[in-house]
Structure formats: structure tokens, C-alpha cells
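Chemist: Sharing a structure here in C-alpha cells format.
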Amino acid sequence: MTIPPTHSATTVNGPTGEQRSVLPPNVVVEESAPLGADGATMSLMCVPTSDGDLPVAVRQWVDDDRSLTGRAAMWTAFQGAHVYWSSDRCAILAPKERLDSLRRVILEATRHERELQSIEHGVAEYWPMIESDALLAFAFNEKSIARQRELQARLQHALVLRARLARIAPYLLAPLEHPPTLASQVAERMRERLCTASRYEALGGQLDTIRDTYDMCAQRASDFLIARTGHRLEWVIIILLAAQLLLWTIEFLTAINL
Amino acid sequence: MNARVRSIDVLRTIALVVMVFVHFCENLAGYTPDIAGFGAPLFVFLSGASYFLWSDAKLARGSDPQDVSKVSVRRGLFLFGAGFLFNVFIWLPEDVFNWDVLTFIGCALLVLNIFRRASVAICVLVSVLAVLLSPVLQHMAGYLAFWEQGHFDYDWTLSDVLVGFLVTGYFPLFPWLGLSLAGYVCASRLYARDETDAARTRSAKRLALIGVALAALSVILVVTRPGTLGVAASRFFLGWDLYPPSVEYVLGTVGMAITLFAIGFQYLDLRPAPRQLDGVLDVAESFSRYSLTIYVLHHLVHIWPLWIYGICQGEDTTEYWQTALPLWAASVLAVVFLLGCWLVFHKLGQRRIWALEGCMRWVCD
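In order, the protein sequence lines correspond to chains G and Z.
Its first residue numbered 145, the first sequence is counted upward by one per residue in my numbering.
Its first residue numbered -6, the second sequence is counted upward by one per residue in my numbering.
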């Protein structure tokens, strides 16, 4: 995720405030702030301040996040509060009485962002597989039976991804609260910067394509297996009839000397 | 894997050598060697395996399945016709309907062409039924009534001819169809195109075990036969016998063929054969390439002189049947024939000649 041009690194480093190389006093750093019930955590730095600047040391702390891997962290400033965010680390600079609500908003946004990223990675893994599996959506044969379990697992995984996306949809598509609060506005700004609505829409389309493909494969496989069982039964009946006919023929031929 | 399947070449050569020795010794000297009855089942089993390899290769080269069927039918009918000609010219016209190996293989090709489209389970079912039904059919047909002094003796009636074709001839459809289908199924397991070498090795081991189990079952049935009473002994388990082909005999020979096939595949096809075997494989290739021709030829060279000499002596054609030569002379002749075949066919190599195989390809393909 990239910082929009208006909030580029140079702007942040601008000459308006004092650039401090040490962390401000009263800083609270939570190394493992819990994101949810699944045990996921993030590092959170809460700085109670009314100062309108984002100290260099704070920026440096967030930029040191290893999960960034080349991407810039996202900066949001709103009504004197600063949020400098990456998916593993976040610094919140705000008046003390607002820190708690902002902390909750950031944890929620991070949880949903990670979930969204995880679904995107899951979907990205499907495209090379779709190339080879799409053939089976048209024709399924004896040799494809070995791949049936694989296809089944892929369809199941696609459905799970779809369900996970549906579960976070209420957050991703949440309307603006009224009356607005600082927390709700920061949450809205986060959603906007992270483009959650458009990513949700794109993911929905991609997952529909994947589900449709594997749905067709499943249908073809099912049709083939049903037909195969039917054919086998037909063969067995034919063979039994042939055996009976054979016995009758031998009996007939030995009975009358043609 | 090579274009030629070395294990099949070797096994087919073994089958040919056994048949040549047995036929020379039996027909010229009246002596039946202990190896009698092992060559023909192997030959029939390999015909099924070869049909799978041939049809699979055709389909893999993009041939239309319908064209493969048409060529299969033509080849089957060609061999069926060649079998009749063989019977007329070798065994003389009165034995035209004795249903020898060639007519059986021709007919088996027609049947295999039908089961080519069926699943392995169906092929196995038909193969098992062909073996298990044959004692019942033999009993119903009165098998022994068709055989006199070890020879198939039929009346020239439609019912005798048809019963001979199905049950009572030298190589009737039942139970020999079981061996052809077994060969086809085994080859489809071992030479499946999409399988990995590891999977093929597993299949080979499984087949070898099945083969050994069938052979062991046959031995148990033969050994315990004296203790078997009633219908089972009189109709189903007749002991080790080629005429009529008993359940024990068929189980034993099919078990032997499956085991040899699996071992041959494992040691000759799946991995490079040892260089010391190059000479043997070269001989095997020459024999296997012209197996049908050698089968016809070996009858021609030892049966015709017998007939001709009989006529020249003013006797019946069969006067010197089984009494013409002492055993050692018949054995030497068999060796000389095999050496002659190797020299001629090795010299010819892959050149297209008008042998039976070349004629079949020219007419049918």
C-alpha cells in the first residue's frame, strides 16, 4: 500500500516542526497488542500529545517494520491526531483522552486489512492453477479422476475465501457514522486510503470466477462418475446376458446336430 | 523406454522356442517334453499385451479411435483367415476347423477391440468369467467326446464347428480369451502413458505378486485334487491338463505369464538392460519381430516333409506321424531350425519383407 502523493515522505519530513531523533516522553509501546481472538498481534506505540508534529524517531520506529518490504507506511493526520501505520506497527499520537478509542480503531482496521490481504494472496495463488484446471470444466475423463480430490480441495478453499470475505464485508463497506467522531473519521480515512471498497469488489469478482470454474469442474466430475457407474452396470448386465446366452448356445448346439 | 519392448521380445522368443521344441519332438518323435503347454499360453498372453501397446501407440500418435477399431478388425480378420489357410495347408483340409492358435488370436483381436473401450474392472471380470465358465461349458459340450487319441476329432456339422470354436477345439475362445484379456490388462497397468516410473514399479510388484498367487493357487489345486470329491473333482478341477484346458492349468499358466511379464518389465524395460544381455536381446528382437512367420514356418518345415514322405512311400499322409525320427534327431532339427531362423531374420533386420507380419500390415494398416 502506498501513501497518496499529497502525503509523501517529503511532506512528512517538511520543515514545519521540530525533528526529534529520540522518542518523546510518556510513550507507551505495546509489542504485542492483540488484534483478535486468533492470537494475531501488532506493535503499537501510543504517544499522548497535543503537539501537531510527527517526530522523526516515531516515524523511524514504524519504518523499521520488517513487514513493509519496500512499501511506505501510511500517514493520517486528523484534528491534531497523527496515525502512522503499517500492517505490523502503528504509532498513534493524540491527546490522551482520545488514545484509547483510536487504539481500538487501529486494531480493528489492521485486523481487517490483514484478513483482506490474506484473501488477496489466497486468490492470487489460484490463477496459475485455473489455467490447467479450466480444461476439466469442459471434459472430465478416466485420467482426471486422480485429480478429483485436488479439485474438491480447491473448490472448498475458494468457498472458504468467499465466506471470509463476506464476514469482513460489514466493516469494509461500513457507511460513515453520524454524528462523526474522531475515531470513526480515522476509521473511514483508513478504509479510504486502503481502498477497501474497491478491493472488496475486485475480490468478489475474482472469487466468483474461481468458484464458477471449480463449480463446473465439480459438475463435470460428478456427471462423469455417475455415467461411469451406469456404464459399468450396463457392462455387467451385458456380460451376464452374454454368459447366459453362451450357456444356452452350447446347450442348444449339443442338443441338436445341425 | 525403447520403441521395441524388450521384455515382450524376450518372452515371445521363449514361447516360440518352447513351441518349436515341443512340436518337433511330439510330431516327429512322439515324445512330449515336460515344457509342453507353457509356450502357447505365453504366446496368447503376449498377443493381448501387444495389442494394448499397438492400439495405445496409435491413439497417442493422434489416430482416430474409429480408425484404430477398423484396423483392429481388419487385422483380426486377417489372422483369422490366415489361421484357416494355415489349417488347410499344414493340417490338410479335413482339419480346417480345428481352431488353432492363429484363428484364436485373430478372434481375440476382435474381442479385445470391443473391450478396449471398457474399464479395467470389466476386462478382469470377463477374463475371470472366461476361465471359470469354461469347465461348465466343457461339461455341457461333452468335451471328451470330441477328442480321440489326443486329437480334436469333429464332425463336419455346424454345431460341432461352432462348439469347437467356443469350447472344444485346440484353442477355443473359452478359456483362452481369459489369457488374452489378462495380457491386455497387465500391459495397460505397466505401460500406461501418464504414469510415473515409481507408479509403474509399484504396479509391476503388485502384478508379480498376483501372478505368484495364481501360480501358487494352481499348485495347491493340483496337489489337493486327489482329496477333492464329487462335482468339483469331476467337472471343475481336472488336474494339470492342456486338453481340455483345466482351471488349474489356466491359473498356473496365466500366473506364470503375469509374473514373467512383470519381472521382465522391471528388469528390461524400466531400466537399461545390462550390456552383457545385448546379444540375447538382439536374438530376441529378431525372433519377436517375425513371431507369427516363425510359428507358421516351423510347422511347415517339419509337417510337410512328413506328409510328402508318406505319400512318396505310397502310404497314408499321416503314416510317419510321431514315428519319423528318434528324439535326438528331432531335437537337433529343432535347434537347426531355430538357428536358421535367427540367421535369416537377423540378416534381414528391419527390412520390409513379405513375411506374415508384413503382409498383415500391408493389407490392414
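Each residue gets a CB set at the ideal place from its N, CA and C atoms; glycine is no exception.
Owing to the predicted nature of the structure, the values given are computational and were not obtained by experimental measurement.
Residues in its own chain within less than 7 Å of phenylalanine 73/Z by CB, not counting five upstream and five downstream?
Modeler: Position 80 of the second sequence, counted from the start, is the residue given in the question as residue 73/Z. Excluding sequence neighbours, phenylalanine 73/Z sits near Thr96, Gly99, Cys100.
Chemist: Count the other CB atoms, across all protein chains shown, that sit within 10 Å of the CB of leucine 320/G; report buried if there are 16 or more and exposed otherwise.
Modeler: Start at 1 with the first residue of the first sequence, and residue 320/G comes out as number 176. Leucine 320/G is exposed by the Cβ-count criterion.
Chemist: At 4 residues or longer, and completely inside the segment 225 to 297 of chain Z: list those alpha helix (DSSP H) runs for me, N to C.
Modeler: If we require 4 residues or more, the alpha helix (DSSP H) runs fully inside the segment 225 to 297 of chain Z come out as 240 to 257, 271 to 282.
Chemist: Quick check on asparagine 285/G - is its C-beta less than 8 Å from some C-beta in chain Z?
Modeler: Locating residue 285/G in the first sequence gives position 141, where the first residue counts as 1. Closer than 8 Å: no.
Chemist: Rounding to the nearest angstrom, what Cα-Cα distance links valine 224/Z and glutamate 278/Z in this structure?
Modeler: By one-based count along the second sequence, residue 224/Z stands at place 231. By one-based count along the second sequence, residue 278/Z stands at place 285. Rounded to the nearest angstrom, the two C-alpha atoms are 46 Å apart.
Chemist: Can you check whether the C-beta of serine 227/Z is within less than 8 Å of a C-beta belonging to chain G?
Modeler: Taking the second sequence and counting its residues from 1, one reaches residue 227/Z at position 234. So no, serine 227/Z is outside the interface.
Chemist: Is the distance from the Cβ of aspartate 60/Z to the Cβ of asparagine 80/Z below 8 Å?
Modeler: The residue labelled residue 60/Z in the question sits at position 67 within the second sequence. The residue labelled residue 80/Z in the question sits at position 87 within the second sequence. No; because the gap between Cβ atoms is not below 8 Å, this pair is not in contact.
Chemist: How big is the Cα-Cα spacing for arginine 199/Z and glutamine 269/Z?
Modeler: Along the second sequence, one-based indexing puts residue 199/Z at 206. Along the second sequence, one-based indexing puts residue 269/Z at 276. Those two C-alpha atoms are separated by around 28 Å.
Chemist: Taking arginine 193/Z as part of the alpha helix (DSSP H), name the residues at either end of that continuous run.
Modeler: The count along the second sequence starts at 1 and reaches residue 193/Z at position 200. Counting along the chain, the alpha helix (DSSP H) containing arginine 193/Z begins and ends at 190 to 217.
Chemist: In chain Z, what lies closer than 7 Å to tryptophan 379/G by C-beta?
Modeler: Position 235 of the first sequence holds residue 379/G. Neighbours of tryptophan 379/G on chain Z, chain order: Ala111, Ile115.
Chemist: Among Ala180/Z, Asp148/Z, His292/Z, which has the Cα closest to the Cα of phenylalanine 254/Z?
Modeler: As a working mapping, residue 254/Z is identified with position 261 in the second sequence. Of the listed residues, the one whose Cα sits closest to phenylalanine 254/Z is Ala180/Z.
Chemist: Please decide whether glutamate 294/G counts as near chain Z, where near means a Cβ-Cβ distance under 8 Å.
Modeler: Residue numbering aside, residue 294/G sits at position 150 when the first sequence is read from its first letter. Chain Z contact via Cβ: absent.
Chemist: Using DSSP with H/G/I as helix, E/B as strand and the rest coil, what is isoleucine 236/G?
Modeler: Here residue 236/G corresponds to residue number 92 of the first sequence, with the count starting at 1. The answer is strand: DSSP assigns isoleucine 236/G an E or B state.
Chemist: Output needed in chain order: residues of the segment 174 to 195 of chain Z with a Cβ under 8 Å from some Cβ in chain G.
Modeler: Taking 8 Å as the Cβ-Cβ cut-off against chain G, the residues of the segment 174 to 195 of chain Z that qualify are Asp187.
Chemist: Rounding to the nearest angstrom, what Cα-Cα distance links leucine 326/G and isoleucine 289/G in this structure?
Modeler: Here residue 326/G refers to the residue found at position 182 of the first sequence. Here residue 289/G refers to the residue found at position 145 of the first sequence. Taking the straight line joining both Cα atoms gives about 57 Å.
Chemist: Hey, is valine 89/Z's beta-carbon within less than 8 Å of any beta-carbon in chain G?
Modeler: The sequence position of residue 89/Z within the second sequence is 96, counting from 1. No, valine 89/Z lies away from the interface with chain G (no Cβ there is under 8 Å from its Cβ).
Chemist: Can you tell me which of Leu4/Z, Leu285/Z, Phe230/Z, Ile301/Z puts its alpha carbon nearest to the alpha carbon of valine 124/Z?
Modeler: Taking the first residue of the second sequence as position 1, residue 124/Z is located at position 131. The shortest Cα separation from valine 124/Z among Leu4/Z, Leu285/Z, Phe230/Z, Ile301/Z belongs to Phe230/Z.
Chemist: For cysteine 339/G, does the count of other Cβ atoms within 10 angstroms reach 16, so buried, or fall short, so exposed?
Modeler: The sequence position of residue 339/G within the first sequence is 195, counting from 1. With fewer than 16 other Cβ atoms within 10 Å, it is exposed.
Chemist: Would you verify that the beta carbon of alanine 134/Z is, or is not, closer than 8 Å to some beta carbon of chain G?
Modeler: The residue labelled residue 134/Z in the question sits at position 141 within the second sequence. Alanine 134/Z counts as touching chain G.
Chemist: Do leucine 331/Z and leucine 285/Z have their C-beta atoms closer together than 8 Å?
Modeler: Looking up residue 331/Z in the second sequence gives position 338. Looking up residue 285/Z in the second sequence gives position 292. No, they are not a contact pair.
Chemist: Listing by chain order, which chain Z residues have their CB less than 9 Å from the CB of arginine 376/G?
Modeler: Within the first sequence, residue 376/G is the residue found at index 232, counting from 1. Near arginine 376/G (Cβ distances below 9 Å), the residues of chain Z are Ala111, Ser112, Ala114, Ile115.
Chemist: Expressed to the nearest angstrom, what Euclidean distance is found between the alpha-carbon atoms of isoleucine 1/Z and isoleucine 287/Z?
Modeler: Taking the second sequence and counting its residues from 1, one reaches residue 1/Z at position 8. Taking the second sequence and counting its residues from 1, one reaches residue 287/Z at position 294. Near 16 Å, if we compare the C-alpha coordinates of isoleucine 287/Z and isoleucine 1/Z.
Chemist: Decide if arginine 182/Z is buried, meaning its Cβ has at least 16 other Cβ atoms within 10 Å, or exposed.
Modeler: Here residue 182/Z is taken as the residue at index 189 of the second sequence, counted from 1. So arginine 182/Z counts as buried.
Chemist: With a threshold of 8 Å between beta carbons, is glutamate 336/G in contact with chain Z?
Modeler: Taking the first residue of the first sequence as 1, we reach residue 336/G at position 192. Answer no: the Cβ-Cβ gap between glutamate 336/G and chain Z never drops below 8 Å.
Chemist: Residues in the segment 152 to 167 of chain Z with C-beta within 7 Å of chain G's C-beta atoms, listed in sequence order?
Modeler: Cβ contacts with chain G come from Ser152, Leu155, Val156, Leu159, Val160.
Chemist: Identify whether valine 171/G lies in helix, strand or coil by the three-state DSSP scheme.
Modeler: Within the first sequence, the letter at position 27 stands for residue 171/G. Coil.
Chemist: Would you tell me roughly how many angstroms separate the C-alpha atoms of valine 294/Z and alanine 206/Z, rounded to the nearest one?
Modeler: As a first step, residue 294/Z is located in the second sequence; it is residue number 301 there, counting from the start. As a first step, residue 206/Z is located in the second sequence; it is residue number 213 there, counting from the start. The straight-line gap from Cα to Cα measures roughly 39 Å.
Chemist: If we count the other Cβ atoms within 10 Å of its Cβ and call it buried at 16 or more, is valine 356/Z buried or exposed?
Modeler: Taking the first residue of the second sequence as 1, we reach residue 356/Z at position 363. Result: exposed.
Chemist: I'd like to know if leucine 231/Z contacts chain G, where contact means its C-beta is closer than 8 Å to some C-beta of that chain.
Modeler: Numbered from its first residue, the second sequence carries residue 231/Z at position 238. By this cut-off, leucine 231/Z is not an interface position.
Chemist: Consult DSSP for alanine 322/Z and reduce its assignment to one of helix, strand or coil.
Modeler: As a first step, residue 322/Z must be located in the second sequence, where it is residue number 329. Correct three-state label for alanine 322/Z: helix.
Chemist: Please report the straight-line C-alpha distance between leucine 295/G and tyrosine 44/Z, rounded to a whole angstrom.
Modeler: As a working mapping, residue 295/G is identified with position 151 in the first sequence. As a working mapping, residue 44/Z is identified with position 51 in the second sequence. Rounded to whole angstroms, leucine 295/G to tyrosine 44/Z spans 34 Å at the Cα level.
Chemist: Counting only C-beta atoms, is isoleucine 370/G closer than 8 Å to chain Z at any point?
Modeler: Locating residue 370/G in the first sequence gives position 226, where the first residue counts as 1. So no, isoleucine 370/G is outside the interface.
Chemist: Quick check for students: name the residue ranges of the alpha helix (DSSP H) that lie wholly in the segment 223 to 308 of chain G, counting only runs of 4 or more.
Modeler: You should have 240 to 268, 270 to 277.
Chemist: Return the first residue and the last residue of the alpha helix (DSSP H) that valine 191/G is part of.
Modeler: Numbered from its first residue, the first sequence carries residue 191/G at position 47. Where valine 191/G is concerned, there is no enclosing alpha helix (DSSP H), although the beta strand (DSSP E) it sits in stretches over 185 to 192.
Chemist: Does the segment 168 to 177 of chain G come close enough to the segment 189 to 201 of chain G that 3 or more CB-CB pairs lie under 8 Å?
Modeler: Result yes; three or more Cβ-Cβ pairs closer than 8 Å.
Chemist: Per DSSP, which one or two residues make a beta bridge with proline 178/G?
Modeler: Here the question's residue 178/G lines up with position 34 in the first sequence. Proline 178/G is bridged to Thr185/G.
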